[in-house]
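Numbering (UniProt numbering), first residue to last: 1 to 323.
C-beta atoms are modelled at their ideal positions from N, C-alpha and C, and glycine is treated no differently.
Following: one structure in structure tokens, then a few remarks.
Take a look at the structure:
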């Protein structure tokens, strides 16, 4: 009897989130645990963590994230102190690039940060108290705080393409969605105990040539992926075909096609941001915003990876269908 109680106590001690070190299921989502019971994390603590990317691997996952990635993020969190409680594990940062505030999910709620969660668009982000202000200001801050290859927004002027131009949803954690992504950025490397790098693909200092925000390649791939359109104001770039087949981009009407390769810049910006947490089925790298049009299928690709995996691309210019 005593032994049994001891085991239960030990088990209960283990059932603490690797990020927030608590078991508050009601605020942080369900506490998930790996089969070997060595890794535990709340659903929301993972969902909003900056460097976690959804995994389509057949290997064991925790809430749709690979166990290995979760362990790396927990390890990264040991050097990140929460702006509210000053304890480690704060892997959730304000999505304004210049802001250094980082939180546990629970602490973000209690610090009155703005939680922005739009599963249909793959948006999971947090704005600290200082930067949440109004919805309009928050959106401006977010757009100013994107990484070096994202685009400056402009008001949408055109109509959506024939395949509705909606961001594809993701099937994770047993949900019935097609594709999933999230917002925040970050890498395993950090520059200080309270700052997280916000670009999943950090370029070397000597690499100054524009790279596509989706496939992360440059003009050397123009022949296969279409022209690399460059927007110098934000050092943003994207290949034509990477934009053309992405699920959430919107083509402009013929009267307003002087923007970014015939695409509304704001939708391309949003799509690049969404792609940061979408791993390619073939190469396992982020930026895979092109999904299979079969609703039950969760495969997502970069344009060139879809070609390599012998996926079928359908183009009907007269009807505006690209899938």
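Note to self: Using the three-state DSSP reduction, which class does residue 21 fall into: helix, strand or coil?
What the structure shows: Against the chain shown, residue 21 aligns to sequence position 21. Of the three classes helix, strand and coil, the one that applies to residue 21 here is coil, per DSSP.
Check: Is DSSP giving residue 275 helix, strand or coil here?
Finding: In the chain shown, the residue the question calls residue 275 occupies position 275. Residue 275 falls in the helix class under three-state DSSP.
Next item on the list: Figure out for me which residue from 50, 15, 45, 23 has the closest Cα to the Cα of residue 35.
Entry: Within the chain shown, residue 35 is the residue found at index 35, counting from 1. Checking every option, the nearest Cα to that of residue 35 belongs to 15.
Checklist line | Candidates 44, 224, 304, of which the one nearest residue 283 by Cα | finding: Along the chain shown, read from residue 1 onward, the residue named residue 283 stands at position 283. Minimum Cα distance to residue 283 is reached at 304.
Check: Between residue 39 and residue 70, is the Cβ-Cβ spacing less than 8 Å?
Finding: For the purposes of this step, residue 39 is taken as residue 39 along the chain shown, with counting starting at 1. For the purposes of this step, residue 70 is taken as residue 70 along the chain shown, with counting starting at 1. For residue 39 and residue 70, yes; Cβs fall inside 8 Å.
Margin query: From the DSSP secondary-structure annotation, give me the bridge partner or partners of residue 229.
Written below: Within the chain shown, numbered from 1, the residue matching residue 229 stands at position 229. Residue 229 pairs with 238.
Margin query: If you measure between the beta carbons of residue 290 and residue 300, is that distance less than 8 Å?
Written below: Numbered from its first residue, the chain shown carries residue 290 at position 290. Numbered from its first residue, the chain shown carries residue 300 at position 300. In contact: residue 290 and residue 300 (Cβ atoms closer than 8 Å).
Check: Ends of the beta strand (DSSP E) at residue 124?
Finding: Residue 124 sits at position 124 when you count from the first residue of the chain shown. Run containing residue 124: 123 to 127, per the beta strand (DSSP E) assignment.
Checklist line | Host alpha helix (DSSP H) of residue 15 (start-end) | finding: Within the chain shown, the letter at position 15 stands for residue 15. Where residue 15 is concerned, there is no enclosing alpha helix (DSSP H), given that its DSSP letter is neither H nor E.
Notebook entry, point to check: Taking Cβ positions, are residue 18 and residue 67 nearer each other than 8 Å?
Noted result: Here residue 18 corresponds to residue number 18 of the chain shown, with the count starting at 1. Here residue 67 corresponds to residue number 67 of the chain shown, with the count starting at 1. Not closer than 8 Å, so no.
Checklist line | 8 Å contact criterion, which residue 123 and residue 114 should meet: CB distance rounded | finding: Here residue 123 refers to the residue found at position 123 when the chain shown is read from its first residue. Here residue 114 refers to the residue found at position 114 when the chain shown is read from its first residue. Not a contact, Cβ separation roughly 12 Å.
Notebook entry, point to check: If you compare alpha carbons, which of 250, 45, 92, 245 is closest to residue 312?
Noted result: The residue given as residue 312 occupies position 312 in the chain shown. It is 245.
Next item on the list: Would you mind working out which of 241, 237, 306 sits nearest residue 273, comparing C-alpha positions?
Entry: Here residue 273 refers to the residue found at position 273 of the chain shown. That would be 237, whose Cα lies nearest to the Cα of residue 273.
Next item on the list: Below 7 Å CB to CB, which residues in the same chain sit around residue 243 once its five sequence neighbours on both sides are set aside?
Entry: Indexing the chain shown from 1 puts residue 243 at position 243. Correct list, in chain order: 249, 261, 263, 268.
Notebook entry, point to check: residue 285 to residue 277, Cα distance in whole Å?
Noted result: Counting from one through the chain shown, the residue named residue 285 turns up at place 285. Counting from one through the chain shown, the residue named residue 277 turns up at place 277. Taking the straight line joining both Cα atoms gives about 9 Å.
Item checked: Residue environment, residue 334, which counts as buried when at least 16 other CB atoms sit within 10 Å -> Residue 334 is absent from the model: the chain starts at 1 and stops at 323.
Item checked: Cβ-based neighbour list, residue 209, same chain, cut-off 7 Å, excluding 5 preceding and 5 following -> As a working mapping, residue 209 is identified with position 209 in the chain shown. These residues qualify, in order along the chain: 218.
Margin query: Relative to the C-alpha of residue 116, which candidate in 100, 98, 92 has its C-alpha closest?
Written below: Looking up residue 116 in the chain shown gives position 116. Of the candidates 100, 98, 92, the one whose C-alpha sits nearest the C-alpha of residue 116 is 92.
Note to self: So for residue 169, helix, strand or coil by DSSP?
What the structure shows: For the purposes of this step, residue 169 is identified with residue 169 of the chain shown, where counting begins at 1. Bear in mind that a pLDDT of 38 at residue 169, under 50, signals an unreliable position, so the model cannot answer this.
Checklist line | When 60, 105, 61 are compared against residue 81, the one with the closest alpha-carbon | finding: The count along the chain shown starts at 1 and reaches residue 81 at position 81. Residue 81 has its Cα closest to that of 105, out of 60, 105, 61.
Next item on the list: Check each candidate in 32, 50, 78, 51 and name the one with the smallest Cα separation from residue 61.
Entry: As a first step, residue 61 must be located in the chain shown, where it is residue number 61. Among 32, 50, 78, 51, the Cα nearest to that of residue 61 is on 32.
Check: In the DSSP assignment, what residue or residues form a beta bridge with residue 92?
Finding: In the chain shown, counting from the first residue as 1, residue 92 sits at position 92. BP columns for residue 92 point to 103.
Item checked: Cβ-Cβ separation, residue 241 to residue 226 (assumed contact under 8 Å), whole Å -> Taking the chain shown and counting its residues from 1, the one referred to as residue 226 is at position 226. Taking the chain shown and counting its residues from 1, the one referred to as residue 241 is at position 241. Yes, residue 226 and residue 241 are in contact; Cβ-Cβ is about 4 Å, under 8 Å.
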